[in-house]
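Structure, as structure tokens:
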Amino acid sequence: MSEIMEMLIRRGFLWQSFEIYGGIAGFIDYGPLGNGLRRRIENIWREFFVIGERAVEIDCPTIGIEEVYIASGHATSFTDVAIECSECGKVYRADHYIKEKLGLEIDESVEAVKSVLEEFNLKCECGGKFKDPEKFNLMFETKIGPGKGKRGYLRPETAQGIFISFRRLSDYFRDKLPFGVAQIGRSYRNEISPRQGVIRLREFNQAELEYFVHPEEKTHPEFEKYKSKIVKLLDKNNVEHEISLKEAVEKDIIKNELIAYFIAKTEEFLLNLGIDKSKLRFRQHKDDERAHYACDCWDAEVLTNYGWIEIVGIADRGCYDLSKHSKHSGEDLTVFVPYKEPIKVKKKVIVPEMSKLGPIFKKKAKKVAEELKNIDPEKISGKIKIIVEGEELEVPDECYSIKEVEEMVHGEKIIPHVIEPSFGLDRITYAVLEHSFDKDFVDGEERKVLRLKRWVAPVQIAVLPLLSKEPFVGKAKEITLKLKKAGFFTEYDDSGSIGRRYRRYDEIGTPFCITIDHQTFEDNTVTIRDRDTTSQIRVKIDDLLIVLSQLLNSDKDIKEFGEIFRE
RNA sequence: GCGCGGGUAGUCUAGUGGUAGGACAACGCCCUUCCGAGGCGUUAGCCCGGGUUCAAAUCCCGGCCCGCGCACCA
45 MSEIMEMLIR RGFLWQSFEI YGGIAGFIDY GPLGNGLRRR IENIWREFFV IGERAVEIDC
105 PTIGIEEVYI ASGHATSFTD VAIECSECGK VYRADHYIKE KLGLEIDESV EAVKSVLEEF
165 NLKCECGGKF KDPEKFNLMF ETKIGPGKGK RGYLRPETAQ GIFISFRRLS DYFRDKLPFG
225 VAQIGRSYRN EISPRQGVIR LREFNQAELE YFVHPEEKTH PEFEKYKSKI VKLLDKNNVE
285 HEISLKEAVE KDIIKNELIA YFIAKTEEFL LNLGIDKSKL RFRQHKDDER AHYACDCWDA
345 EVLTNYGWIE IVGIADRGCY DLSKHSKHSG EDLTVFVPYK EPIKVKKKVI VPEMSKLGPI
405 FKKKAKKVAE ELKNIDPEKI SGKIKIIVEG EELEVPDECY SIKEVEEMVH GEKIIPHVIE
465 PSFGLDRITY AVLEHSFDKD FVDGEERKVL RLKRWVAPVQ IAVLPLLSKE PFVGKAKEIT
525 LKLKKAGFFT EYDDSGSIGR RYRRYDEIGT PFCITIDHQT FEDNTVTIRD RDTTSQIRVK
585 IDDLLIVLSQ LLNSDKDIKE FGEIFRE
């Protein structure tokens, strides 16, 4: 086990779930500190991607009905057929293997694979025969309701909930593009072999933003702010670039300004959490690597003990999801986009003659007229036939006239495109921890220190009586309460020597320790110790709240805020 | 899912068939005027199931979990 994982478990950041029953791969519990840290990260994400955008946050069920995933394509492309060699035991994805060996594109069904295996007498590379193909679906399946029930799946991404409720959301934004809808929550993938600690989980936390835009306006009002920002890019041909975002878009390395904008914003967000810039890159998906819904995709990757791992995916999903759901549900999932100037359009229309229709069709006349209006005059050939109430009716020529009219067209209905920055919160949390983990020497002794940014630390302040007896203890408890009430994440600790306690809080990343010492009772001051430098200043208890809130929201040196007590 | 290597206290670790030991951590008391000090004491462990044996942490089989490689990761 790596040193960092050992610490995370020992100190209560996280551990394996169901430990007392032997554990199961792919699930973790967040302990008190890990939970706290992830919550801070979520809140900062909200500031960046909801509050900082024209966006809202919603919350949908984690169980989805089958229809959703048939429409989204997950029911098919999320299901793979595997073939296993009966001799050497090697397992392949059937579609990949068949394409490689026979150059055939096949349906991903057990039957199709079976028939191809038989027809071509396809064998394993070792010469062995394949066993019967088996299906595996990466979605967890469940039943909704009693008895046979309705088939449901645990969502494999939070995004679908947003697409399904698109009509309501677009109404909420008064049908005005662009707008964003975010969701933070759990998703589930029944991974075949979850590995690498917290990197591949079967239940995991996502923060996703679906940013809906006009297909021809994949830009962002604030792109200006970031256009000259230099980023590290690895394109789909494995070519590295260190260029400005503006240039990357101009050279068509990045498909559009909006993706570029979110790359910039993502980098800003990750650096704000304490991700090491030298261990961060953006990598474009190769053509054969992209998900079934994506037309361009960039991953933010960070370098960790496990190598480069993906922590954010920024995908241009085009109109894939909305079109699919529109088609499968029959709902209109378009947005009406007005033109700047209404356009005059000349067109032919059918004008029903009610005085003729009435006597002929009697009660049905009104419906016949309505049907007539829906007919495109350009497509008339011969007599018009209309079906009303299941009955086919022939409409005599004298019942209508065709006129050319001039009409003002004010806009058009479009299916918005969506750009999706999708964040893996568990991996981000882990990466923040790993990049913050450090060792140094204090008074010749090695020290482990978690250099978390002050605003993400799960415990921000530890209040420590210099000696574990009165009156130090009483005063320390009083100050602890005051800080807790003011909203700081504060702990009180009087166990062990003062040095031991400083080390304890260094290891969990607590940025500041407040120490109550003898002088406290002479002049109402305490010391604030800085985790990173171990230096201390002395401040008045009355100034504590103001000083701490300034320190915790910045990278400022504590020496700006009080008399130096210890260098 | 396949192959290789592992699983002893909260953590790390000694223990190759015969009473399971240590370090650190934690807790209590004492001591202590600022960086893992010291003293005394306490808590706490052989992954699970089966087999071999007079006797299993140790040997064998199966499972679970962890690590690595392959495969998988829409």
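For the first sequence, the positions run 45 to 611 when the working numbering is used. Glycine included, every Cβ here is placed at the ideal spot set by N, Cα and C. Just so it is clear, the structure is predicted and the values come from calculations on it, not from any experiment.
Could you tell me the boundaries of the alpha helix (DSSP H) in which residue i lies?
i	result
P83	According to the sequence shown, residue 83 is Arg rather than Pro. Segment P76 to R90, the alpha helix (DSSP H) holding R83.
E154	One detail in the question is off: residue 154 reads as Val in this sequence, not Glu. V154 -> alpha helix (DSSP H) spans V154 to F164.
H258	Counting along the chain, H258 falls outside any alpha helix (DSSP H), and DSSP gives it neither H nor E.
I590	L588 to L596
R548	I542 to E551
D365	Y364 to S373
R575	First-last for R575: undefined, no H or E at that position.
D567	T564 to D567
K519	F516 to K529
E101	First-last for E101: A99 to E101, but that is the beta strand (DSSP E), not the alpha helix (DSSP H).
I48	E47 to R54
Q580	Here Q580 belongs to no alpha helix (DSSP H); instead the beta strand (DSSP E) covers Q580 to K584.
List the DSSP bridge partners of residue i.
i	result
D215	DSSP lists no partner for D215.
D484	R491
E464	A359
G108	Y197
N249	R230
K384	Answer is none; K384 lacks a bridge partner.
Y536	V507
W352	L347
G224	A99 and Y255
K457	F380
Between which two residues does the beta strand (DSSP E) holding residue i run?
i	result
F62	No beta strand (DSSP E) holds F62; DSSP gives it neither H nor E.
F556	F556 to I560
I208	Per DSSP, I208 belongs to no beta strand (DSSP E); it is in the alpha helix (DSSP H), A203 to I208.
I610	A quick correction: the sequence has Arg, not Ile, at residue 610. Note, R610: beta strand (DSSP E), E607 to R610.
K187	E185 to I188
D3	Nothing about residue 3 can be read from this structure; the chain reaches only from 45 to 611.
K513	Counting along the chain, K513 falls outside any beta strand (DSSP E), and DSSP gives it neither H nor E.
E436	E435 to V439
I428	I428 to V432
Enumerate in chain order the residues of its own chain whose CB-to-CB distance from residue i is below 7 Å, with the five nearest sequence positions on each side excluded.
i	result
Q240	Y350
I387	V453
F481	I48 and L494
V395	Y444, S445 and K447
L469	R82, I85, E86, N249, Q250 and A251
H118	M183 and P200
K411	V432
K612	Nothing in the structure corresponds to residue 612, since the chain is present only between 45 and 611.
Leaving out the 5 sequence neighbours to the left and right, which residues in its chain are closer than 8 Å to residue i when beta-carbon positions are compared?
i	result
G67	Q60 and S61
E551	M51, R55, K492, V493 and L494
F71	Q60, S61, F62, L245, R246 and E247
Mind checking residue i: buried by the 16 CB within 10 Å criterion, or exposed?
i	result
G80	buried
G553	buried
N597	exposed
L146	exposed
M45	exposed
L198	buried
P259	exposed
H372	exposed
R212	exposed
Q594	exposed
I236	exposed
R610	exposed
R498	buried
P685	Because residue 685 is not part of the residues shown, which for the chain are 45 to 611, the question remains open.
Y383	exposed
Using a Cβ-Cβ cutoff of less than 6 Å, which residues in the same chain neighbour residue i once the five nearest sequence positions on both sides are dropped?
i	result
Y364	Y337
E450	K388 and K390
A344	T310, F326, I355 and V356
W89	A251
F57	G75, L77 and G78
D574	I602
K427	E438
K457	T378 and F380
F556	I505 and I572
T186	G196
At a cut-off of 7 Å, is residue i close to the ligand MG when judged by its beta-carbon and the heavy atoms of the ligand?
i	result
R83	The ligand MG is not part of this structure, which contains no ligands at all.
Would you list, in sequence order, the uninterrupted beta strand (DSSP E) runs of no fewer than 3 residues that lie entirely inside the segment 256 to 336? 274 to 278, 284 to 288 and 324 to 328
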